[in-house]
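Down below is the structure, laid out as structure tokens.
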Amino acid sequence: MLNFKNKDLCIEQVKLSDIAREYGTSTYIYSKKQFINNFENYKKVLGAKDIVCFACKANSNRTILKLLADIGAGADTTSGGEIYRCLKVNFNPSKIVYAGVGKTSEEIEYALKNKILMFNVESLEELDAIDKIAGRVKIKAKIAFRINPHVDPDTHSYIATGKKGTKFGIPYEDAVMAYLIAKKKKNVVVFGIHSHIGSQILDIGLFKIAAKKIKKIVDDLEKNGIGLEYINCGGGLGIEYTKDQKAPSPEQLISELFLVFGKDKKFIFEPGRSIAANAGYLLAKVIYRKLSDKKNFLITDAGMNDLMRPTLYGAYHEIIPIKKINAKKVKTDVVGPICESGDFIGRDRMLPVLAQGEYVLITCAGAYGAAMSSEYNSRPLLAEVLVDGRKTALIRKRAKWEDLLLNEE
Ligand SMILES: *Cc1c(COP(=O)(O)O)cnc(C)c1O
Numbered sequence: 040m041l042n043f044k045n046k047d048l049c050i051e052q053v054k055l056s057d058i059a060r061e062y063g064t065s066t067y068i069y070s071k072k073q074f075i076n077n078f079e080n081y082k083k084v085l086g087a088k089d090i091v092c093f094a095c096k097a098n099s100n101r102t103i104l105k106l107l108a109d110i111g112a113g114a115d116t117t118s119g120g121e122i123y124r125c126l127k128v129n130f131n132p133s134k135i136v137y138a139g140v141g142k143t144s145e146e147i148e149y150a151l152k153n154k155i156l157m158f159n160v161e162s163l164e165e166l167d168a169i170d171k172i173a174g175r176v177k178i179k180a181k182i183a184f185r186i187n188p189h190v191d192p193d194t195h196s197y198i199a200t201g202k203k204g205t206k207f208g209i210p211y212e213d214a215v216m217a218y219l220i221a222k223k224k225k226n227v228v229v230f231g232i233h234s235h236i237g238s239q240i241l242d243i244g245l246f247k248i249a250a251k252k253i254k255k256i257v258d259d260l261e262k263n264g265i266g267l268e269y270i271n272c273g274g275g276l277g278i279e280y281t282k283d284q285k286a287p288s289p290e291q292l293i294s295e296l297f298l299v300f301g302k303d304k305k306f307i308f309e310p311g312r313s314i315a316a317n318a319g320y321l322l323a324k325v326i327y328r329k330l331s332d333k334k335n336f337l338i339t340d341a342g343m344n345d346l347m348r349p350t351l352y353g354a355y356h357e358i359i360p361i362k363k364i365n366a367k368k369v370k371t372d373v374v375g376p377i378c379e380s381g382d383f384i385g386r387d388r389m390l391p392v393l394a395q396g397e398y399v400l401i402t403c404a405g406a407y408g409a410a411m412s413s414e415y416n417s418r419p420l421l422a423e424v425l426v427d428g429r430k431t432a433l434i435r436k437r438a439k440w441e442d443l444l445l446n447e448e
């Protein structure tokens with residue numbers, strides 16, 4: 040939804056310079072249209088019985104969640120806090136699934152009492168805990184096991200989850216045994232199967248390898264008299280952070296998976312990044328420039344506490360000036376104000392020489408951007424703005440210095 044109007048870079052129909060003036064910087068900005076398009080790209084290729092559960096850890100701003108709930112999304116949650124957020128914006132609880140290796144009894148009880156669709160169970164001890172709590176509150180728990188299919192998803196190791204040796208899921212060799220144990224539990228209903236192999240995956244072949252392993256388990260379970268209602272294929276579809284990357288569409292992914300499983304089952308998909316990433320941006324101002332050892336630095340008011348991905352994963356985000364200028368391009372490191380050498384947004388970028396007070400836009404920051412931000416260096420959390428056509432709305436107030444002390448004695 041980025042476009043130039045004359046020399047001004049715009050999101051939908053709003054000039055970024057206007058947003059900077061009205062809301063200050065640095066600021067997260069989202070395109071409503073892009074969120075809706077991205078969601079519809081999944082929805083249009085799925086049946087009415089299937090559910091697109093937005094992985095709300097990617098972006099848990101309540102207005103964004105409400106926007107998705109209102110157009111029929113379900114939610115993939117990883118904590119009681121996320122379930123709380125989702126219920127507050129009226130997600131249908133029967134479209135909420137709950138994964139995570141460390142669900143506490145408080146969280147399990149909360150999820151049960153609010154009648155979520157399904158727990159994605161990651162260990163036999165968790166199964167025991169869910170069974171006990173379900174018995175105590177007298178609500179049957181619907182479960183899927185999260186199966187680790189031991190597929191190396193060719194992504195950053197921190198976001199590879201379906202590989203041997205990660206903490207996630209039940210090893211696929213143990214899957215049938217786990218279901219046989221679950222079948223005997225009094226307060227648990229075996230309801231589905233789940234796998235999520237990692238994030239920012241650009242090769243559909245890897246999803247297919249995982250799917251075939253899951254299909255084999257589904258078949259083995261049927262032979263054992265265990266039928267499942269839902270197949271949950273997880274999330275993980277990558278997006279194009281750079282122009283050289285080529286991301287498959289949801290349609291391509293889903294049609295390949297239908298070939299493996301057949302269409303007659305009920306499916307759940309849990310996209311996070313592929314719904315939120317390219318719908319969000321981070322707008323930052325150049326505070327200072329400096330030349331140090333022949334290296335050009337642009338020091339911006341956005342730092343690693345605001346956008347952690349470059350520092351955490353070595354992730355690449357495009358950085359573009361918000362005014363079209365014909366100035367000479369020089370190799371530049373774009374860095375934040377934090378006292379860490381790892382505090383950078385982008386390194387060795389060819390950028391036009393910008394002046395103090397000019398702005399840059401960091402693209403594809405809608406997933407794992409604001410959601411991962413912190414107050415490190417006592418920097419208050421940023422403002423978030425939603426663009427809808429010509430209109431803008433402040434969907435999170437910029438925090439103040441006073442807010443830093445809110446819960447401290
Ligand atoms: C994070 C996560 C997702 C979403 O992954 P994306 O790469 O953002 O699509 C889906 N399912 C589970 C269980 C997750 O932990």
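Residue numbering for the sequence shown is 40 to 448, as defined by the working numbering. Don't be surprised by glycine CBs; every beta carbon is placed ideally from N, CA and C.
In this structure, DSSP gives Asp213 a helical state, which the three-state scheme calls helix. By the Cβ test, the region 203-221 is not in contact with the region 372-379, since fewer than three Cβ pairs between them sit closer than 8 angstroms. In the DSSP annotation of this structure, Ser412 is not part of any beta strand (DSSP E), being labelled neither H nor E. Not one heavy atom of ligand 1 falls within 6 angstroms of the beta-carbon of Pro192. Relative to the Cα of Tyr352, the nearest Cα in the group Pro391, Phe336, Met411 and Ile361 belongs to Met411. For the region 313-359, the continuous beta strand (DSSP E) assignments of 3+ residues that do not extend past its boundaries occur at 319-331 and 334-339, in sequence order. Between Leu400 and Ile359, the CB-CB gap stays under 7 angstroms. Proximity of the beta carbon of His235 to ligand 1 is indicated: a heavy atom of the ligand is located closer than 6 angstroms. In terms of Cβ geometry, Ile232 and Leu276 do not form a close pair [threshold 7 angstroms]. Look at the beta carbons and you see the region 48-65 not touching the region 93-112: under three pairs across the two are nearer than 8 angstroms.
Not one heavy atom of ligand 1 falls within 6 angstroms of the beta-carbon of Ala150. When DSSP states are grouped into helix, strand and coil, Lys370 belongs to the strand group.
Shortest Cα-Cα distance from Asn263 to any of Lys222, Arg124, Leu420 and Asp303 involves Lys222. About 6 angstroms separates the beta carbons of Ile169 and Ile147, which is inside the 8 angstroms limit, making them a contact pair.
Excluding sequence positions up to five before and after Trp440, its CB lies within less than 7 angstroms of the CB of Pro419, all in the same chain and listed in chain order. Just so you know, the alpha carbons of Gly385 and Ile265 end up roughly 51 angstroms apart.
Here the C-alpha atom of Lys436 lies approximately 22 angstroms from the C-alpha atom of Ile326.
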